[in-house]
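I have placed the structure first, in the form of structure tokens, so that the comments after it can refer back to it.
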Amino acid sequence: MNFQIAMLLGQDGVTNGAIYALLALSILLVFTVTRILLIPQGEFVTYGALTMATIQAGQPTALVWLLLGLSVLDCACDLYAAARSSHGFRFPRRIPLKLGYALLMVALIKTLPLAELPMAFQVLLTLCLVVPLGPQIYRLVFQPIASASVLVLLIVSIAVHVTMVGIALLLFGPEGARTRPFSEAGLELGPVTFNSQTLWVIAVSLALIVGLFLFFERSLYGKALRAAAVNRLGARLMGISPTLAGKATFLLATFIGTLSGILIAPITTLYFDSGFVISLKGFVGAIIGGLVSYPLAALGALGVGLIEAFSMFWASTYKEIIVFTLIIPFLLWRSLASRHVEEEE
Amino acid sequence: MNMQVDALKQPQNQVARMLLEVKDLSVAYGKVEALSNASLCVGEGQIVTVIGPNGAGKTTLLSAIMGVLGSRGQVHFDGSLEAVPEVEVLVGRGLGLVPEKRELFASMSVADNLLLGAFQRHRRGDRSHGQTLQEVYELFPRLWERRDQLAATLSGGERQMLAVGRALMAKPKLLMLDEPSLGLAPLITREIFRIIGALRQQGVSILLVEQNARAALRVADYAYVLETGQIAMQGPARQLADDPRVIEAYLGLASKHQEMLAS
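Protein chains in written order, with this note's numbering: chain S, -12 to 332; chain V, 1184 to 1446.
Structure (structure tokens):
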């Protein structure tokens, strides 16, 4: 291995590592606030990438019907809840907003010349289509069982994952897709050329991590989410409802997942079922952080990306095995080093 | 028939304006009824205390009123019926609970803990919590000194102050305090009771659950005695403090020590 190859592998590793880090952070965020291990996180990545690809191909994506369907179900739940409310029936004002949004999306997808749109607008449209799915899934699937045990939540989470993979096959078909890179130019630095998309991935990931840090450290809503993670009862007594916190974290997680998908779509070919392995590697990162520490999780995920890249060079057939075996020493170390904490009181 | 006689015999908490009215509240953990048909009321500007031995259901009572626990019965707060009390709704309407375990955000700073107390106000567009924060710091200068420390590093008394301060940040009309003196040093206990008195001056009504019966009866206007999940006695606090049954059970020799602690 010479310097140039090492640089190439390093570049590859950091790019993937950055994406894994984003996924690790969102998995961690969702877990600490809601106790849900977000297995479907990878599906948001593929939904983002494949929706972007369909839009670039100029086809009206069928995803918009999923959005509309979930919105209708969501509104039905709202109506049902309002009808059973102890304060008498009051028509939830959110319903026209939610339905209006979904219908607007349908109209946009049907009328806009999708393929000719500027790239930034395509990205925005993809985000607008995919991100609302997260809070809707929380509302429909997890909110009714919010107080269930971690195991039940995990099982349901796996079910959501399987369902979403199936729906992805239905919506996007079995073919893989790749999108156009954000910009063509690369950056030459001595003997190595940095792929422009690599730079995009790293820049956006860094910006997102800084943004998340500011959100959680500075804004009251960010603090409220942290509070809900630290002490659920304490947060409820401050009027921070677990439902609101759950929806907000799912919104953030979906946003991060979708954006990750859009970012890596020009680098790797993604299929309807590619998401699972990607989010699993983010999960390994989150485990390295002990499912509590954000910086450790991000570093761990970056490490996963690098190890993956270099093991591809030396033993490409074993790269997944190497990455996932990595989790064992960390689990051992974690379980030996940390006191056993009772999960439920 | 029997009920009517009871109603005649039993005194009622007579107040100008009712803030909290609880009727026949029952809570069951599985088959065990922790609270059965408890009724009580708190008027505006009043300090009402619920005393009783360990395991009488005092904490259960507060948790059920707040909606943390599921219950049967009626809770009227500030003029409207909460058929199913919901924590977030009640917090928004001005009911606060300082739970026995404080439930602070341990890994966050004192200032952030206080700030989060105003979360509901902020959400509804009320940006005046800076003023309240100042008032809380005036009430508890200790918290100002420790504002950048993590809540986990505070002493027991400071944690209690933080829990009360955090609840005050929501500007509650009625504050429910669950064993505020539990596990605190005598001087701090006295300080806490002084603050309870001061809160009333500011127009906050208080529902106080205490094991330190003597101190609680001294500060309160009206009192209920809760025994094995039922309201066993009630009356104006001063009157109850002179009741031989109360003296024997809660204010006897054993509690002389408590009095020394709290006076």
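Glycine residues also receive a C-beta, built at the ideal position from the N, C-alpha and C atoms.
Everything numeric in this text was worked out from a predicted model, so none of it was measured.
In chain order, which continuous runs of the beta strand (DSSP E) of length 3 or greater are located wholly inside the stretch 136 to 199 of chain S? Within the stretch 136 to 199 of chain S, complete beta strand (DSSP E) segments of at least 3 residues are found at 174 to 176 and 179 to 181, given in chain order.
Cα-Cα, which of GLY269/S, ILE314/S and ARG219/S is closest to VAL32/S? Nearest C-alpha to VAL32/S among GLY269/S, ILE314/S and ARG219/S: GLY269/S.
Exercise for the section: Could you work out which residue in LEU1287/V, GLY1300/V, SER1311/V and PRO1369/V is closest to ALA1335/V when comparing CA atoms only? Expected result: Checked all of LEU1287/V, GLY1300/V, SER1311/V and PRO1369/V; the closest Cα to ALA1335/V is LEU1287/V.
Contact residues within the stretch 1296 to 1317 of chain V, judged by C-beta distance below 7 Å to chain S
When CB distances to chain S are screened at a threshold of 7 Å, the residues of the stretch 1296 to 1317 of chain V falling below it are LEU1298, LEU1299, GLY1300, PHE1302, GLN1303 and HIS1305, in chain order.
* Asked: Using DSSP with H/G/I as helix, E/B as strand and the rest coil, what is ARG71/S?
  -> It is coil, neither helix nor strand.
Exercise. Evaluate LYS1241/V with the Cβ neighbour count: other Cβ atoms within 10 Å of its Cβ, from every protein chain shown; 16 or more gives buried, anything less gives exposed.
Key: Result: buried.
Quick one: is ALA232/S near chain V, going by C-beta distance under 8 Å?
No, its Cβ sits nowhere closer than 8 Å to a Cβ of chain V.
Practice task
Using three-state DSSP, classify THR1232/V as helix, strand or coil.
Solution key: In the three-state reduction of the DSSP assignment, THR1232/V falls in the strand class.
Please list the partners that LEU357/S has in chain V, where partner means a Cβ-to-Cβ separation under 8 Å.
For chain S, the structure presents residues -12 to 332; residue 357/S sits outside this window and is missing.
Determine, using beta carbons only, whether ALA1353/V and GLY1300/V come nearer to each other than 8 Å. For ALA1353/V and GLY1300/V, yes; Cβs fall inside 8 Å.
Can you check whether the C-beta of GLY1275/V is within less than 8 Å of a C-beta belonging to chain S? Closer than 8 Å: yes.
Original post:
Closer than 8 Å, Cβ to any Cβ of chain S: which residues of the stretch 1330 to 1361 of chain V, in chain order?
Top reply: Per Cβ criterion, the list reads ARG1349, ALA1350 and ALA1353.
- VAL1387/V: which of LEU1322/V, VAL1258/V and LEU1357/V sits nearest, CA to CA? When only C-alpha atoms are compared, the closest one is LEU1357/V.
inquiry  = Taking the straight line between their C-alpha atoms, what separation do you get for ARG80/S and GLU295/S?
reply    = ARG80/S and GLU295/S have their C-alpha atoms roughly 49 Å apart.
Margin query: With a threshold of 6 Å on Cβ separation, who are the neighbours of ALA40/S within its own chain once the five nearest residues in sequence on each side are excluded?
Written below: Once the five neighbours on either side are set aside, the close Cβ partners of ALA40/S are ALA164 and THR166.
Q: Name the two residues that bound the continuous beta strand (DSSP E) containing ALA1415/V.
A: First-last of the beta strand (DSSP E) with ALA1415/V: 1413 to 1419.
Next item on the list: Would you mind listing the beta strand (DSSP E) stretches within the stretch 277 to 304 of chain S that are 3+ residues and don't spill past its ends, in chain order?
Entry: The beta strand (DSSP E) runs of length 3 or more contained entirely in the stretch 277 to 304 of chain S do not exist; there are none.
Q) Comparing the C-beta of SER228/S with each C-beta of chain V, is any distance below 8 Å? A) Taking a beta-carbon distance threshold of 8 Å, SER228/S counts as an interface residue toward chain V.
Requested in this report: Could you please tell me which residues of the stretch 28 to 39 of chain S, in chain order, have their CB closer than 8 Å to any CB of chain V?
Outcome: Result list empty, no residue passes.
- Message: One question on the structure: do SER4/S and ALA288/S come within less than 8 Å of each other, judged by their Cβ atoms?
- Response: Note on identity: in this sequence residue 4/S is Gly, with Ser being the wrong assignment. Contact: yes.
query: Which first and last residues belong to the beta strand (DSSP E) in which ALA1217/V is found?
result: Per DSSP, ALA1217/V is one residue of the beta strand (DSSP E) stretching across 1215 to 1226.
- Message: I'd like to check one pair, THR245/S with VAL117/S: are the Cβ atoms closer than 8 Å?
- Response: Taking 8 Å as the Cβ cut-off, VAL117/S and THR245/S qualify as a contacting pair.
Quiz prompt | Boundaries (first-last residue) of the alpha helix (DSSP H) holding PHE1288/V | solution = Judged by DSSP secondary structure, PHE1288/V falls outside any alpha helix (DSSP H); it is assigned neither H nor E.
- Query: Do you know how far the Cα of ILE6/S is from the Cα of GLY56/S?
  - Reply: Put simply, the backbone Cα of GLY56/S is about 30 Å away from that of ILE6/S.
Could you tell me which of MET(-12)/S, THR19/S and GLY(-3)/S sits nearest to GLY276/S, measuring between CA atoms?
The residue with the shortest Cα to Cα distance from GLY276/S is THR19/S.
Distance check for CYS115/S and GLU30/S, CA to CA, integer angstroms please.
So the alpha carbons of these two residues sit roughly 16 Å apart.
task: Could you list which residues in chain S have their beta carbon closer than 9 Å to that of PRO1282/V, in chain order?
output: Here the neighbours are LEU220, GLY221 and LEU224.
Whole angstroms are fine: how far does the CA of LEU1203/V sit from the CA of MET1186/V? Unreliable positioning characterises MET1186/V in this predicted model, as indicated by a pLDDT of 45, which lies under 50. A coordinate reading is not provided.
Review point. Starting from ALA1211/V and walking both ways along the beta strand (DSSP E), at which residues does that stretch end?
Key: Residue range 1201 to 1212 is occupied by the beta strand (DSSP E) that includes ALA1211/V.
Item to check | Cα-Cα separation, ARG1276/V to PHE159/S | outcome: Cα-Cα distance, rounded: 48 Å.
Notebook entry, point to check: Going straight from the alpha carbon of LYS210/S to that of ASN1296/V, what length do you get?
Noted result: Rounded to whole angstroms, the separation of the alpha carbons of ASN1296/V and LYS210/S is 9 Å.
Residues of the stretch 5 to 28 of chain S in Cβ contact with chain V at a cutoff of 7 Å, in chain order, please.
Here the close residues number zero.
Would you verify that the beta carbon of LEU1170/V is, or is not, closer than 8 Å to some beta carbon of chain S? No answer is possible for residue 1170/V: the residues shown for chain V start at 1184 and end at 1446.
Checklist line | Proximity test, Cβ basis, 8 Å: LEU239/S and chain V | finding: Not an interface residue.
Taking C-beta pairs closer than 7 Å, name the residues in chain V that LEU207/S reaches, listed in chain order.
Within chain V, the residues near LEU207/S are LEU1298, PHE1302 and HIS1305.
Contact criterion: CB-CB distance below 8 Å. Does VAL1319/V meet it with respect to chain S? Cβ-Cβ to chain S under 8 Å: no for VAL1319/V.
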